[in-house]
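In our numbering, the protein residues as written are 51 to 313.
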């Protein structure tokens, strides 16, 4: 098993990519601690996996609170005597045009989606450097590589996550600690499900913009995170892996001469 005996912390583990990653990690032998601000969702994921024989705990935490991250990392290390993998995966942000964002909303977007990634990384580096081994995987986004209308705060924080991953990767490359980012495209997680219900035309437009013609699945991103967390990616650090069905590869130009993705 690819993570046999490893200890992993996953934030935002109560749903979507985080929950899918918890399933992938435990399947591959990891001892996992998931955190989420939604206590019911996090407990449900932990109970589900524990019933299947996994070693998993849930810690209720608001990742925007430094003390909560301190308790989370301390719990993992105190419980399992080490920490091998950190998957920063939580996010919250204010949407709207750049000129319409509130100061408090923009600051909280960065606090939750970027500053907390840095602080969790800072905390995780202590046990990882002590043992000379570790892998940090940050959930970024293709929205951190380009701009989106109405998602300015999200674009900024995810771009920060990409570069945080780069600098962490190069600074600790000779200490045995790797850091990388995964950049998903639109994934069929709860926010996308809510969009389908609230604005089905927008949901369809986003889906149709993806060259593969479908939304990604959380399990598909979890498999990328698993690769980056495991020794299979031992020579991979300071980079980002795009998993978006071809979305970022497209220039955005409409099909010319009818030569679109369907033929």
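Heads up, the beta-carbon is just placed ideally off N, CA and C, and yes, glycines get one too.
| field | Rounded separation between residue 294 and residue 286 - CA only | value | 20 Å
| task | Kindly identify the DSSP beta-bridge partner or partners of residue 188. | result | 138 and 231
| query | Sorted by chain position, which residues of the same chain lie with C-beta nearer than 7 Å to residue 283's C-beta, five sequence neighbours on each side aside? | reply | 277
| Out of curiosity, what's the CA-to-CA distance linking residue 176 and residue 246? | 42 Å
| request: Have a look at residue 315 and residue 292 and give me their C-alpha separation to the nearest angstrom. | output: This structure cannot speak to residue 315, because the chain is shown only from 51 to 313.
| task | Let me know if residue 150 comes out buried or exposed under the rule of 16 or more other beta-carbons within 10 Å of its beta-carbon. | result | exposed
| Which residues in the same chain have their Cβ closer than 6 Å to the Cβ of residue 87, if we skip the five residues on either side of it in sequence? | 112
| query | With a Cβ-Cβ cutoff of 8 Å, do residue 279 and residue 53 count as a contact? | reply | yes
| If we count the other Cβ atoms within 10 Å of its Cβ and call it buried at 16 or more, is residue 309 buried or exposed? | exposed
| query | Would the beta-carbon of residue 288 fall within 8 Å of that of residue 215? | reply | yes
| request: Please list the segments of the alpha helix (DSSP H) lying wholly inside the stretch 99-131, counting only runs of 4 or more residues, in order along the chain. | output: 116-130
| said: Using only the alpha-carbon positions, how far apart do residue 199 and residue 181 sit? | reply: 44 Å
| task | Look up residue 201 in the DSSP assignment and give the residues it is bridged to. | result | 146
| request: Using the Cα positions of residue 250 and residue 195, report the straight-line distance between them to the nearest angstrom. | output: 26 Å
| field | Proximity below 8 Å, CB of residue 141 to CB of residue 109 | value | no
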